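Below is one structure, written out as structure tokens, with a few remarks after it.
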Amino acid sequence: DGGITQSPKYLFRKEGQNVTLSCEQNLNHDAMYWYRQDPGQGLRLIYYSQIVNDFQKGDIAEGYSVSREKKESFPLTVTSAQKNPTAFYLCASSIRTATNYGYTFGSGTRLTVV
Amino acid sequence: GIQVEQSPPDLILQEGANSTLRCNFSDSVNNLQWFHQNPWGQLINLFYIPSGTKQNGRLSATTVATERYSLLYISSSQTTDSGVYFCAVVGWGKLQFGAGTQVVVTP
């Protein structure tokens, strides 16, 4: 079945460390996105990529970095510059046709700073 | 950017009840979607509904684009309907989310 796979589901990071969250899709979607969700809040866009080798900052990009070397993969690195990284991270991909603009989300990664 | 406001923020329903969730947006959009996030965090796309009305089982949605709002109807609610319902609109190629409505359906 086609879908988006995020790994790991749970991640613990020590302060000052960089960590990388994986996101892989086999839907052949061109666009991919990373969102952050804090408890009781909606999703906020970190980075997005509409094509391979190109990506754009979202609303809260500071302290994060991404790469898009392959269509299927869009890893997110949470750097030590991100002061409050504990959150739920969701990856998504999208396809746009004449009658639909569908987004598919992964199951998320819960990152905790210890 | 586009502002997306959802109401009510919280909703407690008894199983079998009907309810309406509302989404207001600040600017004209040509794309609006409703999502359901289950208690485990998984987001499921319910409707792509830039205008008009759509139905899927016990759920239906209506968007009145000219008046900048959308409604999600849940009929004969079940405990599996619990979770957070998000409205999201596309602005500048990016999906912008509202804060969501937390729905709890009690047996």
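In the order they appear, the protein sequences are chains Z and C. Numbering (this note's numbering) for the first sequence: 357 to 470. Numbering (this note's numbering) for the second sequence: 119 to 225. Where a beta carbon is used, it is the ideal one built from N, C-alpha and C, also for glycine. Quantities reported herein were computed from a predicted structural model and do not represent experimental measurements.
Residue i classed as buried or exposed, judged by whether at least 16 other C-beta atoms fall within 10 angstroms
i         : result
Ile407(Z) : exposed
Phe368(Z) : exposed
Ser363(Z) : exposed
Thr224(C) : exposed
Pro441(Z) : buried
Ile130(C) : exposed
Arg176(C) : exposed
Gln214(C) : buried
Val182(C) : exposed
Gly464(Z) : buried
Val434(Z) : buried
Asp199(C) : buried
Residue(s) in a DSSP beta bridge with residue i
i         : result
Ser125(C) : Arg140(C)
Arg369(Z) : Val469(Z)
Glu380(Z) : Thr361(Z) and Ser429(Z)
Ala387(Z) : Ser450(Z)
Ser178(C) : Gln173(C) and Tyr191(C)
Arg400(Z) : Arg392(Z)
Gln406(Z) : The partner list for Gln406(Z) (beta bridge, DSSP) is empty, contrary to what the question assumes.
Asn163(C) : Phe153(C)
Phe411(Z) : BP columns for Phe411(Z) are empty, so no partner.
Gly458(Z) : Ile451(Z)
Contact with chain C by residue i, beta-carbon distance below 7 Å
i         : result
Phe461(Z) : yes
Leu399(Z) : yes
Gly359(Z) : no
Gly372(Z) : no
Gly464(Z) : yes
Test: residue i CB closer than 7 Å to a CB of chain Z
i         : result
Phe215(C) : yes
Gln132(C) : no
Leu129(C) : no
Lys172(C) : no
Leu161(C) : yes
Gly218(C) : yes
Simplified DSSP state of residue i, which is helix, strand or coil
i         : result
Thr198(C) : helix
Thr184(C) : helix
Val147(C) : coil
Ser436(Z) : coil
Ser423(Z) : coil
Gly209(C) : strand
Thr442(Z) : coil
Gly134(C) : coil
Whole-number beta carbon distance between residue j and residue i, since they are thought to touch under 8 Å
i         : j         : result
Tyr366(Z) : Ala448(Z) : Contact flag wrong, Cβ pair sits at about 20 Å.
Trp152(C) : Tyr203(C) : 7 Å
Gln412(Z) : Tyr404(Z) : 6 Å
Glu380(Z) : Ser429(Z) : 5 Å
Leu383(Z) : Gly359(Z) : 7 Å
Leu190(C) : Ala179(C) : 5 Å
His154(C) : Gly201(C) : 5 Å
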